[in-house]
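With numbering that gives the first Met the number 0, the residue at position 187 of the sequence shown is 186, and numbering never jumps.
Beta carbons: idealized from backbone N, C-alpha and C, even for Gly.
Nothing here was measured: the structure is a model prediction, and the numbers come from that model.
For reference, the structure is listed below as structure tokens.
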Amino acid sequence: MMLHADYIVNHIFSSRTYVLTADGTDDVWLVDCGDIDRVLDNIGDRMIMGVLLTHAHFDHIYGLPGLLKVFPDCVIYTNEFGIKALQDAKLNMSKYHGMPVVLDGNAVRMKVCGDSERIAMFDGVSAVCYETPGHNPSCLAFEVGEWLFTGDAYIPGTPVVTILPYADKAKAKESVERILKLAEGRTVMPGHDDQPPEWRLSI
Ligand SMILES: [Zn+2]
Numbered sequence: 000m001m002l003h004a005d006y007i008v009n010h011i012f013s014s015r016t017y018v019l020t021a022d023g024t025d026d027v028w029l030v031d032c033g034d035i036d037r038v039l040d041n042i043g044d045r046m047i048m049g050v051l052l053t054h055a056h057f058d059h060i061y062g063l064p065g066l067l068k069v070f071p072d073c074v075i076y077t078n079e080f081g082i083k084a085l086q087d088a089k090l091n092m093s094k095y096h097g098m099p100v101v102l103d104g105n106a107v108r109m110k111v112c113g114d115s116e117r118i119a120m121f122d123g124v125s126a127v128c129y130e131t132p133g134h135n136p137s138c139l140a141f142e143v144g145e146w147l148f149t150g151d152a153y154i155p156g157t158p159v160v161t162i163l164p165y166a167d168k169a170k171a172k173e174s175v176e177r178i179l180k181l182a183e184g185r186t187v188m189p190g191h192d193d194q195p196p197e198w199r200l201s202i
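As structure tokens, then:
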């Protein structure tokens, strides 16, 4: 099956929302979710089935409330910390941006994907999930076909940001090593278009 990965550079912090599609189906999957209006324009009549969340920081999740209004059954894949953070504007840092994102754990379908777990996406195509903590405990990398989505756990040419709450420098280093191994023969799809914005934040 032929897969396609587009991305949108979001207006907040140049984070990326990836739009994954496959020939022969109207199903759409996202990696992270920023400018939802632009995502909806991009997908037309197609349907968003799930979001693979690289981590639950504000700039990667602020489109989720808008997405869930249109696709309430859409499943969000993250880990235990991510599920907590999606329901807590302080943990996901949206509180500090005047745009609180607080998902309702009873209404929204949030699923934990464990390390090396597979998530069925398209016919015969799965994502494989890898824990890559350090930048944040919710950091996951996803391998889909020839791509490796790394979020902020690894942005080529940029040191991992470890100055934010819940960051862990030693774990970030281990995760980069892991990602570099996983990335062999694959294309790295990072979480930002350029330097991660967190450099400019002082909290
Ligand atoms: Zn981040």
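For residue i, report the span of its alpha helix (DSSP H) as first-last.
| i | result |
| --- | --- |
| residue 51 | From DSSP, residue 51 is part of no alpha helix (DSSP H) but of the beta strand (DSSP E) over 46 to 51. |
| residue 64 | 63 to 69 |
Tell me where the beta strand (DSSP E) around residue i begins and ends.
| i | result |
| --- | --- |
| residue 141 | 139 to 143 |
| residue 183 | Counting along the chain, residue 183 falls outside any beta strand (DSSP E), and DSSP gives it neither H nor E. |
| residue 40 | First-last for residue 40: 35 to 42, but that is the alpha helix (DSSP H), not the beta strand (DSSP E). |
| residue 167 | Premise fails: residue 167 is in no beta strand (DSSP E) and is neither H nor E. |
| residue 29 | 26 to 30 |
| residue 129 | 124 to 130 |
| residue 111 | 108 to 111 |
| residue 118 | 117 to 121 |
Would you identify the three-state DSSP class for residue i, choosing helix, strand or coil?
| i | result |
| --- | --- |
| residue 177 | helix |
| residue 191 | strand |
| residue 17 | strand |
| residue 88 | coil |
| residue 54 | coil |
| residue 150 | strand |
| residue 11 | coil |
| residue 79 | helix |
| residue 60 | helix |
| residue 3 | strand |
What distance in whole Å lies between the Cβ atoms of residue j and residue i, which are believed to be in contact at a cut-off of 8 Å?
| i | j | result |
| --- | --- | --- |
| residue 99 | residue 84 | Going by Cβ atoms, the distance from residue 99 to residue 84 rounds to 12 Å, so no, they are not a contact pair. |
| residue 156 | residue 190 | About 13 Å; that fails the 8 Å criterion. |
| residue 135 | residue 10 | In fact, because the Cβ distance is near 22 Å, the residues do not count as touching under 8 Å. |
Cβ of residue i within 8 Å of Cβ of residue j?
| i | j | result |
| --- | --- | --- |
| residue 1 | residue 27 | no |
| residue 16 | residue 31 | yes |
| residue 153 | residue 118 | no |
| residue 127 | residue 137 | no |
| residue 74 | residue 108 | yes |
| residue 51 | residue 141 | yes |
| residue 18 | residue 5 | yes |
| residue 124 | residue 97 | no |
| residue 101 | residue 86 | yes |
| residue 120 | residue 147 | no |
| residue 139 | residue 112 | yes |
| residue 76 | residue 104 | no |
| residue 180 | residue 133 | no |
Beta-carbon of residue i versus every beta-carbon of chain D: anything under 8 Å?
| i | result |
| --- | --- |
| residue 8 | Any reference to chain D falls outside this structure, which holds one protein chain only. |
Whether or not the region 52 to 60 and the region 35 to 44 are in contact is what I'm after, with contact meaning three or more pairs of Cβ atoms, one per stretch, closer than 8 Å; do they touch? no
- Report yes or no: do the region 71 to 80 and the region 166 to 182 share at least 3 C-beta pairs separated by less than 8 Å? They do not touch, by the three-pair rule.
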